[in-house]
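Chemist:
Numbering (our numbering), first residue to last: 17 to 259.
(1) Can you tell me which of the three DSSP states residue 106 falls into?
(2) Starting from residue 250 and walking both ways along the alpha helix (DSSP H), at which residues does that stretch end?
(3) Please report how far the alpha carbon of residue 79 lies from the alpha carbon of residue 54, in whole angstroms.
(4) Hey, which unbroken runs of the alpha helix (DSSP H) at 4 residues or more fall wholly within the region 201-233?
(5) Could you tell me whether the region 82-97 touches the region 48-63, where touching means 3 or more Cβ pairs closer than 8 Å?
(6) For chain B, check one thing: does any of its Cβ atoms lie closer than 8 Å to the Cβ of residue 251?
(7) Taking the alpha-carbon positions, what's the residue 21 to residue 157 distance?
(8) Give a yes or no on whether the C-beta atoms belonging to residue 186 and residue 146 are separated by under 8 Å.
(9) Alpha carbons only, please: which of 194, 244, 219, 229 is nearest the one belonging to residue 202?
(10) Can you find the residues in the same chain that come closer than 6 Å, C-beta to C-beta, to residue 93, ignoring five residues on each side of it along the sequence?
(11) What is the residue span of the alpha helix (DSSP H) that residue 128 lies within?
(12) Quick check on the burial criterion: 16 or more other C-beta atoms within 10 angstroms. Buried or exposed for residue 104?
(13) Please report how far the alpha carbon of residue 175 lies from the alpha carbon of residue 236, in whole angstroms.
(14) Helix, strand or coil for residue 159 per DSSP?
(15) According to DSSP, is residue 25 helix, strand or coil?
(16) By Cβ distance, which residues of its chain are closer than 8 Å to residue 251, with the 5 residues on each side in sequence left out?
(17) Once the 5 residues before and after residue 267 are set aside, which same chain residues still bring their CB inside 8 Å of it?
(18) Provide the residue(s) that pair with residue 199 in DSSP beta bridges, ordered along the chain.
(19) Would a C-beta distance cut-off of 8 Å place residue 35 and residue 61 closer than the cut-off?
(20) Comparing C-alpha positions only, which one of 83, 160, 170 sits nearest to residue 116?
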């Protein structure tokens, strides 16, 4: 499994093999960023919707940012602008899970029509119950190409319940076993569980920062993140024969 380290400071991407950087952190940069091996540009959807209940910038605005960052030789994907489906997010927007799923696909379609400089646009599956995600796969239809690299959203708040995350991943897998799944904000607690880890192609997390702060260390130091990423990379691979 590939692990992308969430970073506060985009410039630190040059120090780590795989970085995950929010569009909110690079929106005003005058230069592209590079990781040692590869990095993903996140849309910053969670922070934006949690703060405003809607996107403040258009799809074309985000598309322009992606196209600018396409000048980075190590950028491998840009995450589409999705709508999370946790209850507090639904309260923020005043909409339903079905609305958020529809808007997520509409946003993906609009971004797909933008010039992204050849960068892969990662679609995002949304929902809350496992069957929500299965239906969202159906809604995407042939937009999800064979073996597509696809994000799975609204799971980060369930890290204390790995079985709940595994149930979501299983539902997607049953519908489309070919998809390569990326888990947003899936931290060590869940990645230590083979029922989650073995189902993911990739994942990201910034949980290392919080852990460092509560233990009295520097939560902005990328070296703390590297230690966290190393712990994940050193986890033994456990094959789940039922998957």
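By construction, the Cβ of each residue, glycine as well, lies at the ideal position given by its N, Cα and C atoms.
Modeler: The short version:
(1) helix
(2) Residue 250 -> no alpha helix (DSSP H), and no H or E assigned at all.
(3) 20 Å
(4) With a minimum length of 4 residues, the continuous alpha helix (DSSP H) runs that stay inside the region 201-233 are 204-207, 210-213, 223-230.
(5) Flag = yes, the region 82-97 and the region 48-63 touch.
(6) The structure shown contains no chain B; it is built from a single protein chain.
(7) 31 Å
(8) Cβ distance < 8 Å, so residue 186 and residue 146 count as in contact.
(9) 219
(10) Its chain contains 56, 136, 138 as the residues whose beta carbon lies nearer than 6 Å to that of residue 93, once the 5 sequence neighbours on both sides are disregarded; these appear in chain order.
(11) Per DSSP, the unbroken alpha helix (DSSP H) holding residue 128 starts and ends at 113-128.
(12) With fewer than 16 neighbouring CB atoms inside 10 Å of its own CB, residue 104 falls in the exposed class.
(13) Their backbone Cα atoms lie some 22 Å apart in a straight line.
(14) helix
(15) coil
(16) 207, 208, 213, listed in sequence order.
(17) Residue coverage of the chain in this structure runs from 17 to 259, which leaves residue 267 outside it and unanswerable.
(18) 168, 219
(19) no
(20) Looking at the Cα atoms, 170 is the closest of the given residues.
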